[in-house]
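Those protein sequences? They're chains A and B, same order as listed. When we follow UniProt numbering, the leftmost residue of the first sequence carries the number 1, and every step to the right adds one. When we follow UniProt numbering, the leftmost residue of the second sequence carries the number 1, and every step to the right adds one.
Number of protein chains: 2
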Amino acid sequence: MSGHNDAIEDADAAIVEGKAPPSRGRPLDRERILSAAIDYIDDSGLAGLTMRRLGERLGVEAMALYRYVQGKDELLDGVVEALVDAMDVDSDVIDAPQDGWQDFVQRLAHGVRRVALAHPKAFPLIASRPPEAPWLRPPLRSLRWVEIFLAGLEAEGFSDEAAVASYRAFSSFLLGHLLLEVATLGADVGPLDVVDEAPEPEGLASYPHVQRLRPALSIDTSSVEFEEALEELLNRMALMRHETTHD
Amino acid sequence: MSGHNDAIEDADAAIVEGKAPPSRGRPLDRERILSAAIDYIDDSGLAGLTMRRLGERLGVEAMALYRYVQGKDELLDGVVEALVDAMDVDSDVIDAPQDGWQDFVQRLAHGVRRVALAHPKAFPLIASRPPEAPWLRPPLRSLRWVEIFLAGLEAEGFSDEAAVASYRAFSSFLLGHLLLEVATLGADVGPLDVVDEAPEPEGLASYPHVQRLRPALSIDTSSVEFEEALEELLNRMALMRHETTHD
DNA sequence: ACGGCTGGTTTACGTTGTAAACCACACCAT
DNA sequence: ATGGTGTGGTTTACAACGTAAACCAGCCGT
């Protein structure tokens with residue numbers, strides 16, 4: 001299995017001289033745990049993530065994790081929280097100066113997308129765990145984000161209704177699009193583990209259109225489709241803005 | 001817990017005269033199992049669904065289920081399959097005569113939505129389980145549907161590209177929108193169980209827009225928002241059609 | 001030297017999915 | 001009637017999971 005267990009025991013015998021603390025290096029903290037969890041999900045799928053295995057990956061016994069995490073649920077919540085944080089780092093939406101709401105929205109969308117694509121197997125968690133506040137929808141689930149979004153739009157003339165409507169349109173667009181993109185990226189979304197490449201859907205022959213268009217139905221890895229859809233959305237938002245704005 | 005266990009034992013004693021077979025009525029079949037599973041999820045959440053409990057609900061031991069279902073995974077697949085079937089019954093998309101692709105698409109959308117709202121806690125399964133064919137995306141995951149969709153559009157002048165693009169736009173729209181709708185309906189989406197009503201998100205005070213607009217952020221139970229978004233989509237599809245069509 | 005904290009391990013238990021063996025009846029040909 | 005073969009279920013068993021509870025081992029300031 002591992003082969004570095006012996007290494008650990010070696011250390012166990014060799015700690016006499018260094019200041020080497022028990023298990024490994026620094027004493028483990030919540031952040032290390034969360035990022036280890038994400039790593040694990042990224043390369044072995046959500047289904048395989050288990051307290052014991054996560055512990056093992058960190059060179060520690062499963063129960064050790066419970067000092068930093070309330071339980072598995074809380075750990076998963078922590079994972080989505082971490083992903084969300086990664087998103088705003090990745091979209092520069094907090095500090096970077098924005099020119100116009102379109103730029104802002106675009107930046108946001110791309111930031112979220114980058115993270116989604118970077119962690120295809122973890123992303124669905126965002127959609128599948130209930131947010132802290134029920135009216136806070138994935139993937140924009142942090143209060144800060146929603147605030148920035150709404151404030152940003154209103155600062156540029158969106159009415160309350162227009163801003164809220166835009167928020168909804170934006171988040172549902174992003175969620176749907178990214179979930180589908182991510183799903184065709186080898187994700188095993190959900191409780192199930194990797195399902196090895198379905199051989200050839202039975203009875204394909206009786207569905208001529210599907211059969212003929214099959215290659216086209218696979219998602220393109222390029223971002224062109226996303227780009228176009230996003231463009232659409234921006235237009236739509238622009239319309240919303242003028243429908244109810246009063247400047 | 002139940003109190004009809006005794007009833008069963010009564011029957012056990014009383015089977016002498018009737019032809020009453022062992023456990024209960026007819027001898028259990030896959031369909032009964034699946035619909036029991038859906039019922040269970042509907043009123044106790046996906047997380048609580050367990051082979052033993054499902055068996056119990058059917059008046060049978062857990063292992064009995066394995067005669068009709070390969071395992072839990074296969075059972076969950078069965079559940080989504082059942083839901084998808086329910087959708088096409090519910091949207092009359094197979095037999096009912098359609099007048100124009102817009103009507104067709106609208107029917108489809110509403111059929112899917114009805115099922116989603118009828119089973120808010122089960123619907124996310126559709127999004128979370130990998131489809132038989134990887135290019136077959138939720139929520140339109142049956143070959144038949146995709147075929148009908150594509151064929152329907154092409155019959156009315158959509159080019160291959162336009163039809164495929166429409167298919168994608170449609171499914172990602174539907175998925176995103178419904179997932180969000182369903183999520184704010186008391187669903188416990190995913191592996192976690194019901195999380196009891198978050199008390200009041202901490203630090204709400206520092207997010208004025210969010211705070212002020214909070215009621216508006218909750219989804220409206222009416223279908224107006226869905227209707228509008230769908231309308232948007234139809235317009236967009238109409239554009240796609242003429243962009244690449246050649247008649 | 002010593003009580004207490006910190007960070008971890010051990011042990012233990014209940015619950016889950018499921019393999020394997022087992023059983024009871026119904027049905028049928030002999 | 002008599003045995004053989006399904007069919008539809010139960011029993012038993014086990015490994016893996018999440019996690020509570022008790023238990024260490026060093027380090028700390030006094």
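C-beta atoms are modelled at their ideal positions from N, C-alpha and C, and glycine is treated no differently. Bear in mind the structure is a predicted one, so any value in this text is a computation, not a measurement.
CB contact below 9 angstroms: residue i versus chain B
i, result
"residue 214(A)", "yes"
"residue 184(A)", "yes"
"residue 93(A)", "no"
"residue 241(A)", "no"
"residue 104(A)", "no"
"residue 128(A)", "yes"
"residue 236(A)", "yes"
"residue 172(A)", "yes"
Sequence-distant residues of the same chain with beta carbon closer than 8 angstroms to residue i, five excluded per side
i, result
"residue 49(A)", "37, 40 and 41"
Neighbour flag for residue i against chain A, beta carbons, 9 angstroms
i, result
"residue 136(B)", "yes"
"residue 100(B)", "no"
"residue 218(B)", "yes"
"residue 229(B)", "yes"
"residue 166(B)", "no"
"residue 169(B)", "yes"
"residue 210(B)", "yes"
"residue 69(B)", "no"
"residue 123(B)", "no"
"residue 133(B)", "yes"
For residue i, three-class secondary structure by DSSP
i, result
"residue 21(A)", "Low confidence applies to residue 21(A): its pLDDT is 42, below 50, so where it sits in the model is not reliable, and the reading given next is rough at best. Looking at residue 21(A) - three-state DSSP - the assignment turns out to be coil, as it is neither helix nor strand."
"residue 208(A)", "helix"
"residue 106(A)", "helix"
"residue 119(B)", "coil"
"residue 27(A)", "coil"
"residue 148(B)", "helix"
"residue 124(A)", "helix"
"residue 215(B)", "helix"
"residue 232(A)", "helix"
"residue 96(B)", "coil"
"residue 176(B)", "helix"
"residue 226(B)", "helix"
"residue 141(A)", "coil"
"residue 159(B)", "coil"
"residue 182(B)", "helix"
"residue 129(B)", "coil"
"residue 40(B)", "helix"
"residue 191(A)", "Unreliable placement is indicated for residue 191(A), whose pLDDT of 43 sits below 50; the coordinate value is still reported in the next sentence. Three-state DSSP puts residue 191(A) in coil, outside helix and strand."
"residue 60(B)", "coil"
"residue 203(B)", "coil"
"residue 69(A)", "coil"
"residue 135(A)", "coil"
"residue 55(B)", "helix"
"residue 48(A)", "helix"
Cβ-Cβ distance between residue i and residue j below 9 angstroms
i, j, result
"residue 76(B)", "residue 140(B)", "no"
"residue 130(A)", "residue 218(B)", "no"
"residue 92(B)", "residue 107(B)", "yes"
"residue 146(B)", "residue 177(A)", "no"
"residue 170(A)", "residue 109(A)", "yes"
"residue 288(B)", "residue 173(A)", "Summary: the structure shown does not reach residue 288(B), with chain B confined to residues 1 through 247, and so no result is reported for it."
"residue 180(B)", "residue 168(A)", "yes"
"residue 32(A)", "residue 58(A)", "yes"
Own chain residues within Cβ distance below 7 angstroms of residue i, not counting five before or after
i, result
"residue 175(B)", "127, 138 and 139"
"residue 51(B)", "62, 65 and 72"
"residue 79(A)", "34, 37, 38, 122 and 125"
"residue 113(B)", "178 and 226"
Close Cβ partners of residue i (< 6 angstroms) along its chain, the five nearest in sequence each way excluded
i, result
"residue 230(B)", "109"
Should the segment 223-235 of chain A be called in touch with the segment 151-163 of chain B, which here means at least 3 C-beta pairs below 8 angstroms?
no
Counting pairs of Cβ atoms below 8 angstroms between the segment 96-114 of chain B and the segment 51-65 of chain B, do you hit three or more?
no
Mind the definition here: the segment 111-126 of chain B touches the segment 83-97 of chain B only if three or more C-beta pairs lie below 8 angstroms; say whether that holds.
yes
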